[in-house]
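All residue numbers for the sequence shown refer to the numbering used here, where the first residue is 61 and numbers rise by one. The C-beta atom is built at its ideal place from N, Cα and C for all residues, glycine as well. To keep things clear, I will list the structure first and then write my remarks on it.
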Amino acid sequence: MRVAREEYDAAAKAAADFFEAVAKKDRSICKDSFLEGAVLYGATDGKLNIGTYENLLNQVDNSLAGPEFNYRVDVIAIEETIAVVQVLENNYNGNYYTVYCTEIKIDGKWKIGSFIYNQNQHPY
Numbered sequence: 061m062r063v064a065r066e067e068y069d070a071a072a073k074a075a076a077d078f079f080e081a082v083a084k085k086d087r088s089i090c091k092d093s094f095l096e097g098a099v100l101y102g103a104t105d106g107k108l109n110i111g112t113y114e115n116l117l118n119q120v121d122n123s124l125a126g127p128e129f130n131y132r133v134d135v136i137a138i139e140e141t142i143a144v145v146q147v148l149e150n151n152y153n154g155n156y157y158t159v160y161c162t163e164i165k166i167d168g169k170w171k172i173g174s175f176i177y178n179q180n181q182h183p184y
């Protein structure tokens, strides 16, 4: 381990804040979690989705997350100023996703620079 345990928690929280915002339909929860210019890549139902973090904030505003929506966050790798965080998103309007966020620590705060996802064909 090259960083303190608190850094793992802080990197995980940056990603978790987005999913908490989705669950509560409240973009204010995650507005500070992204770098300006952060990028999004993925495909839903075979349709490519490429854009900026604004696409993600719009998803929060129009969230289809129901009460059964949940997620799990794991820090896959972390160094002093970079991290890779995996999120398993479960039952978002009946869909299941695996998300990888790359993060960078700027001015003492972890920020998401890229958000890439896979829509899983089967929940498990």
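Neighbourhood of residue i by C-beta distance below 7 Å, restricted to the same chain and skipping five residues each side
i, result
"Leu116", "Phe78, Leu100 and Phe175"
"Tyr157", "Glu149, Tyr177, Asn178, Gln179 and Asn180"
"Ala74", "Ser93, Glu163, Trp170, Lys171 and Ile172"
Rounded Cβ spacing between residue i and residue j (contact assumed at less than 8 Å)
i, j, result
"Asn151", "Asn130", "7 Å"
"Gln119", "Val82", "7 Å"
Proximal residues to residue i (C-beta, below 6 Å), its chain only, five neighbours per side dropped
i, result
"Asp134", "Gln146"
"Leu95", "Lys171 and Gly173"
"Cys90", "Asp77, Phe78 and Ala81"
"Ala125", "Val82, Ala83 and Tyr152"
Which of helix, strand or coil DSSP assigns to residue i
i, result
"Val82", "helix"
"Lys165", "strand"
"Gln179", "strand"
"Arg87", "helix"
"Val147", "strand"
"Ala125", "coil"
"Asp92", "coil"
8 Å CB neighbourhood of residue i in its chain, flanking five on each side removed
i, result
"Asp121", "Lys85 and Arg87"
Within 7 Å, strictly: CB atoms of residue i and residue j
i, j, result
"Ala71", "Ala143", "yes"
"Ile166", "Val63", "no"
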